[in-house]
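*Asks:* One structure, pasted below without further comment.
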Amino acid sequence: MCGRGKDRYGIDSERIVINRQGGHMAPDTVSLRYFLVLAQELNFTRAAARIGIAQPALSARMRRLEAELGTALLVRNTRSVVLTTAGAALAESAPPALAALDRAWDTARSAAAGELGTLRIGYSLSAGAETAPALVDRLIRGNSGLKVGAVPMATPEISPAVADGRIDAGITRGEQPGRGVRRFLLRRQRIGVQLAQHHPLAEHPEIEIADAAAYPLRLPDRAANPVIHDQLSALFRDIRPHPRFHTPAVSFDMSQRDLRDGVTLAPAGEAAVTVQPAGLTWRPLRGAPSLTIHLVLPREQSPLHRRIRAVAKTLAHELHWLPD
Numbered sequence: 001m002c003g004r005g006k007d008r009y010g011i012d013s014e015r016i017v018i019n020r021q022g023g024h025m026a027p028d029t030v031s032l033r034y035f036l037v038l039a040q041e042l043n044f045t046r047a048a049a050r051i052g053i054a055q056p057a058l059s060a061r062m063r064r065l066e067a068e069l070g071t072a073l074l075v076r077n078t079r080s081v082v083l084t085t086a087g088a089a090l091a092e093s094a095p096p097a098l099a100a101l102d103r104a105w106d107t108a109r110s111a112a113a114g115e116l117g118t119l120r121i122g123y124s125l126s127a128g129a130e131t132a133p134a135l136v137d138r139l140i141r142g143n144s145g146l147k148v149g150a151v152p153m154a155t156p157e158i159s160p161a162v163a164d165g166r167i168d169a170g171i172t173r174g175e176q177p178g179r180g181v182r183r184f185l186l187r188r189q190r191i192g193v194q195l196a197q198h199h200p201l202a203e204h205p206e207i208e209i210a211d212a213a214a215y216p217l218r219l220p221d222r223a224a225n226p227v228i229h230d231q232l233s234a235l236f237r238d239i240r241p242h243p244r245f246h247t248p249a250v251s252f253d254m255s256q257r258d259l260r261d262g263v264t265l266a267p268a269g270e271a272a273v274t275v276q277p278a279g280l281t282w283r284p285l286r287g288a289p290s291l292t293i294h295l296v297l298p299r300e301q302s303p304l305h306r307r308i309r310a311v312a313k314t315l316a317h318e319l320h321w322l323p324d
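Here is the structure:
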C-alpha cells in the first residue's frame, strides 16, 4: 500500500512506505545517542568508558546502526576513527531530533500526570473568598503547562455542570446533590455569626445559639443554596419564640450593609473572617456543627481530575482545613 503526502502530524507517508519496502527502519535512540558520544570522542575506548559499556558492545551497536541505516558512518583503523560524510551529517542533525523526541516524551508524561491541559473550575460565591483562590493558585504554581480558569456560579448549577462536562471541577459549600459526580470533603469550618463590632454580643468570645436567636438573623436565599440555607436555619429550629429570619435584597453584598445597624446577625462560616469589612467581626456559635466545603469531580476521572484531587488533598492538609 502506498500513501502520498503528509498526515496531520506532518509525517511524509510516502517516505515511510518506501523505507519499509526497502528494508530500512529507524534506528533505536539508544544506539543513536551512543553514536553521538563516539562522534565527539572519535575513540571507541574513551567513548565506551564515558557511556559505561564494554568496547566490544559499543562496536557491535555501531555495526548494527550502520546496517539499519544502510550506510557507513565511521571509518575505523587501529589508531583512529573518522566520520564519513553520512556520519558527519547524522552527528549534526541527530541532537535536535533527539531533543524534540525528549520533549515529546516529557509532554506525554506531563499529560499523564495531569500537569498539562486546560482546567475549568466553577465555584460558589461564598467559596471565592479564600478556598477557591488558594486551590487555583496551588494548581498553577509549578505547572506552566496547566491553564486554569475559575468562574463563580450559582451553587445548584455546579454539580450538573461537572457531570455534563461544562466544567472540570467545582467547589461548593455543603454536600450538594447531583448525579454523575463524586464529592470530596475539602474543608470544615466552624459556624458563627457576623455582626457589628458594637453589637452587644460582640464582647463574647463565643455566642450561645439561643442568644443569637433573640436578634434578627439574615440567611442566604434558599434558591441560591438550599443545603446551606436549611443547615443554618436548622440551628434555630428548637428555639422559642422562633427567631426573625430575613433574606438580603442583594444576595452577596461584600459590604454587609444590613449588619451595620448593630442589631442584625448573619450566620456564616469561619472563612468570613478573611473578608471582614471594616466595622464587622465574627464570633463562633457554641455547640453548632461545622459547615463543609466540597470539591466536586466527575465520576469518571482523567489524569487531570486526579491531579486536582491530589493537589486539593495536599492543600487541605497544609492549611489545616480538615482535622487531623
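Sequential numbering from 1 applies to the sequence shown in full-length UniProt numbering. Backbone N, C-alpha and C fix where the C-beta goes; we use that ideal spot for every residue, glycine too.
Three or more C-beta pairs under 8 Å: does that hold for the stretch 215–222 against the stretch 232–244?
*Replies:* Taking 8 Å as the limit for Cβ pairs, the verdict is that the stretch 232–244 does touch the stretch 215–222.
*Asks:* With distance defined between alpha-carbon atoms, name the residue in 119, 130 and 248 nearest to residue 329.
*Replies:* The structure shown has nothing for residue 329, since the chain only spans 1 to 324.
*Asks:* For the stretch 195–230, which segments carrying the beta strand (DSSP E) assignment without a break, of at least 3 residues, lie completely within its bounds, in sequence order?
*Replies:* Segments of the beta strand (DSSP E) lying fully in the stretch 195–230: there are none.
*Asks:* Here's a check: name, in chain order, each residue in its chain whose Cβ is nearer than 6 Å to the Cβ of residue 23, leaving out the five neighbours to either side.
*Replies:* Note that residue 23 has pLDDT 47, beneath the 50 cutoff, so the model's placement of it is unreliable and no number is given.
*Asks:* Rank 52, 244 and 260 by C-alpha distance to the C-alpha of residue 279 and give the top, closest one.
*Replies:* With distances taken between Cα atoms, residue 279 lies closest to 260.
*Asks:* Have a look at residue 82 and residue 52 and give me their C-alpha separation to the nearest angstrom.
*Replies:* Roughly 22 Å between the two C-alpha positions.
*Asks:* Given this structure, state the Cα-to-Cα distance separating residue 202 from residue 285, to the nearest angstrom.
*Replies:* Roughly 12 Å between the two C-alpha positions.
*Asks:* Measure the Cβ-Cβ separation of residue 171 and residue 186 and say whether it is below 8 Å.
*Replies:* Yes, the pair counts as a contact, with Cβ atoms nearer than the cut-off.
*Asks:* Looking at the secondary structure, which residues open and close the alpha helix (DSSP H) in which residue 273 lies?
*Replies:* Element bounds for residue 273: n/a, residue is neither H nor E.
*Asks:* If you draw a straight line from the C-alpha of residue 312 to the C-alpha of residue 135, how long is it?
*Replies:* Roughly 6 Å between the two C-alpha positions.
*Asks:* Shortest alpha-carbon distance to residue 84 belongs to which of 71, 281, 248 and 43?
*Replies:* Selected option, being the one with the closest Cα: 71.
*Asks:* Our contact map puts residue 39 next to residue 87 with C-beta atoms below 8 Å; I'd like the distance itself, whole angstroms only.
*Replies:* Correct: roughly 7 Å between the Cβ atoms.
*Asks:* Let's see if you can read the secondary structure: which residues bound the alpha helix (DSSP H) around residue 37?
*Replies:* First-last of the alpha helix (DSSP H) with residue 37: 29–41.
*Asks:* For residue 176, is the classification buried or exposed, using 16 other Cβ atoms within 10 angstroms of its Cβ as the cut-off for buried?
*Replies:* Per the 10 Å Cβ criterion, buried.
*Asks:* With respect to the alpha helix (DSSP H) encompassing residue 317, which residues constitute its N-terminal and C-terminal limits?
*Replies:* 303–318 is the extent of the alpha helix (DSSP H) around residue 317.
*Asks:* Judging by CA-CA distance, which residue of 238, 240, 265 and 237 is the nearest neighbour of residue 246?
*Replies:* The residue with the shortest Cα to Cα distance from residue 246 is 265.
*Asks:* Determine the direct distance from the alpha carbon of residue 140 to that of residue 319, and round the result to whole angstroms.
*Replies:* Each residue's Cα considered, the two are about 17 Å apart.
*Asks:* Let me know if residue 326 comes out buried or exposed under the rule of 16 or more other beta-carbons within 10 Å of its beta-carbon.
*Replies:* Given that the chain is displayed from residue 1 to residue 324, the structure contains no residue 326 and the question cannot be resolved.
*Asks:* Spatial neighbours of residue 167 within its chain, please: CB distance less than 7 Å, with the 5 preceding and 5 following residues excluded, ordered by chain position.
*Replies:* Excluding sequence neighbours, residue 167 sits near 120, 121, 122 and 161.
*Asks:* Going straight from the alpha carbon of residue 91 to that of residue 32, what length do you get?
*Replies:* Going from the Cα of residue 91 to the Cα of residue 32 covers about 9 Å.
*Asks:* Measuring only the C-alpha atoms, how far is residue 181 from residue 262?
*Replies:* Distance between the alpha carbons of residue 181 and residue 262 is about 42 Å.
*Asks:* Please confirm whether residue 154 and residue 132 have their CB atoms less than 8 Å apart.
*Replies:* No.
*Asks:* Can you round the beta-carbon distance between residue 271 and residue 129 to whole angstroms, since I take them to be within the 8 Å contact cut?
*Replies:* The pair is a contact, with the Cβ atoms about 6 Å apart (cut-off 8 Å).
*Asks:* Which class does residue 81 belong to by DSSP, given the choice of helix, strand or coil?
*Replies:* Looking at residue 81 - three-state DSSP - the assignment turns out to be strand.
*Asks:* What does the alpha-carbon distance come out to for the pair residue 199 and residue 274?
*Replies:* If I take the Cα positions, the gap works out to 20 Å.
*Asks:* So the beta strand (DSSP E) residue 55 belongs to, where does it begin and stop?
*Replies:* First-last for residue 55: 55–69, but that is the alpha helix (DSSP H), not the beta strand (DSSP E).
*Asks:* Start and end of the alpha helix (DSSP H) containing residue 156?
*Replies:* 155–163 is the span of the alpha helix (DSSP H), which, as asked, contains residue 156.
*Asks:* Quick check on the DSSP output: the beta strand (DSSP E) that includes residue 186 runs from which residue to which?
*Replies:* Where residue 186 is concerned, the enclosing beta strand (DSSP E) stretches over 181–189.
*Asks:* Go ahead and label residue 174 buried or exposed: buried means 16 or more other beta carbons lie within 10 angstroms of its beta carbon, across all protein chains shown.
*Replies:* Flag for residue 174 reads buried.
*Asks:* Can you tell me whether DSSP reads residue 167 as helix, strand or coil?
*Replies:* Coil at residue 167, not helix or strand.
*Asks:* On the three-state DSSP scale, how would you describe residue 248?
*Replies:* Note: residue 248 maps to coil in three-state DSSP.
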